[in-house]
Amino acid sequence: MKIPGKVVIVTGGASGIGEALCRTFARAGAARVIVADIDREKAAEVAHSIDGEAAYCDVTDEDQVRHLVEQTDSAIGPIDLFCSNAGIATGFDTTFENAAGASNDVWVKAWAVNVMAHVYAARALIPRMKARKRGHFLLTASAAGLLSQIGSAVYSTTKHAAVGFAENLAITHHDHGIRVSILCPQGVDTPLLRDLPSGPQALDGVLSAEAVSQAALKGIEAEQFLILPHQEVKQYLQFKTQEYEKWISRMARLQSRTYAS
């Protein structure tokens, strides 16, 4: 997909990777970029700076996601690219007392933001894109969804689920003209990363949100499913699939070295 002239929605667009995506698509010539976020003020600031539109949307509320799609479609035009980018990193516990130790509330919230938000967006958009025989989804997942996340079973599990949903979305609707991409970076210099315990997500270098957005743009233009801003992740993924037992052992050693007291 080429961005010039396209209508683009970015959830979680008020900061971090989402803000960088909004700015990158605007510079690339998008007809209109809709900055969707629960932070009304910051969304408005970003939208004003790129001559876009701000929209309030809590992605855990299916009615709000549906309204975002319907309002954009009627007031601006058909949505060409939907970036389901909003996400949260939670459930971290580097004491390693119990991988399943996070509360049910933490699990439910992470599932709602990191998984169900993608489902709600697809549920609202697939019929419209099928009717037009075109459209593109970008789901921001994480390298944690391909590998794992030391210190948070919650984050790792929900990001794995997001990747699995994206795969099925891409397979099911390929012949309908719909394309799907997943963005899977490691460490990115955003408020989300700064709030995490220091750990292996930064071992291969922390990229700027701008660099990640540029990788996303190139991947979308190439209609590439897997977008890896950190190229090392491809090697790790290959090792995981080829030497699964060794990969588990090495991840356990990495955990021990990283968090050794």
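Numbering-wise (the working numbering), the sequence shown opens with residue 8 and increments by one.
Ideal Cβ positions, reconstructed from N, Cα and C, are used throughout, including at glycine.
Keep in mind that this is a model prediction, so the values were computed, not measured.
Is it buried or exposed for residue i, if we count other Cβ within 10 angstroms and need 16 for buried?
{"i": "residue 251", "result": "exposed"}
{"i": "residue 26", "result": "buried"}
{"i": "residue 9", "result": "exposed"}
{"i": "residue 66", "result": "buried"}
{"i": "residue 44", "result": "buried"}
{"i": "residue 55", "result": "exposed"}
{"i": "residue 87", "result": "buried"}
{"i": "residue 248", "result": "exposed"}
{"i": "residue 226", "result": "buried"}
{"i": "residue 59", "result": "buried"}
{"i": "residue 142", "result": "buried"}
{"i": "residue 234", "result": "buried"}
{"i": "residue 39", "result": "buried"}
Give the single residue among the options whose Cα lies nearest to the Cα of residue i.
{"i": "residue 186", "options": "192, 193, 178", "result": "178"}
{"i": "residue 159", "options": "136, 180, 143, 100", "result": "100"}
{"i": "residue 171", "options": "183, 157, 184, 188", "result": "188"}
{"i": "residue 196", "options": "46, 260, 24, 243", "result": "24"}
{"i": "residue 78", "options": "105, 14, 119, 94", "result": "14"}
{"i": "residue 266", "options": "31, 42, 103", "result": "103"}
{"i": "residue 157", "options": "127, 146, 125, 193", "result": "193"}
{"i": "residue 110", "options": "98, 119, 36", "result": "98"}
{"i": "residue 169", "options": "154, 183, 147", "result": "147"}
{"i": "residue 155", "options": "17, 240, 231, 222", "result": "240"}
{"i": "residue 165", "options": "117, 126, 180", "result": "117"}
{"i": "residue 107", "options": "64, 32, 38, 161", "result": "161"}
{"i": "residue 71", "options": "95, 145, 124", "result": "124"}
{"i": "residue 52", "options": "141, 21, 261", "result": "21"}
{"i": "residue 190", "options": "230, 180, 48", "result": "230"}
{"i": "residue 212", "options": "237, 233, 17", "result": "237"}
{"i": "residue 244", "options": "163, 153, 180", "result": "153"}
{"i": "residue 69", "options": "41, 131, 92", "result": "131"}
{"i": "residue 120", "options": "82, 258, 92", "result": "92"}
Ends of the beta strand (DSSP E) at residue i?
{"i": "residue 144", "result": "142-147"}
{"i": "residue 91", "result": "88-91"}
If you follow the alpha helix (DSSP H) that residue i is part of, which residue opens it and which one closes it?
{"i": "residue 29", "result": "23-34"}
{"i": "residue 18", "result": "That residue, residue 18, is in no alpha helix (DSSP H); its beta strand (DSSP E) goes 14-18."}
{"i": "residue 100", "result": "That residue, residue 100, is in no alpha helix (DSSP H); it is neither H nor E in DSSP."}
{"i": "residue 79", "result": "69-82"}
DSSP three-state call for residue i: helix, strand or coil?
{"i": "residue 61", "result": "strand"}
{"i": "residue 261", "result": "helix"}
{"i": "residue 176", "result": "helix"}
{"i": "residue 43", "result": "strand"}
{"i": "residue 157", "result": "coil"}
{"i": "residue 196", "result": "strand"}
{"i": "residue 188", "result": "strand"}
{"i": "residue 108", "result": "coil"}
{"i": "residue 134", "result": "helix"}
{"i": "residue 9", "result": "coil"}
{"i": "residue 266", "result": "coil"}
{"i": "residue 151", "result": "helix"}
{"i": "residue 122", "result": "helix"}
{"i": "residue 170", "result": "helix"}
{"i": "residue 115", "result": "helix"}
{"i": "residue 38", "result": "coil"}
**Message:** Ignoring anything shorter than 4 residues, give me the alpha helix (DSSP H) runs that lie fully in the segment 203-254, in order along the chain.
**Reply:** 216-228, 239-249
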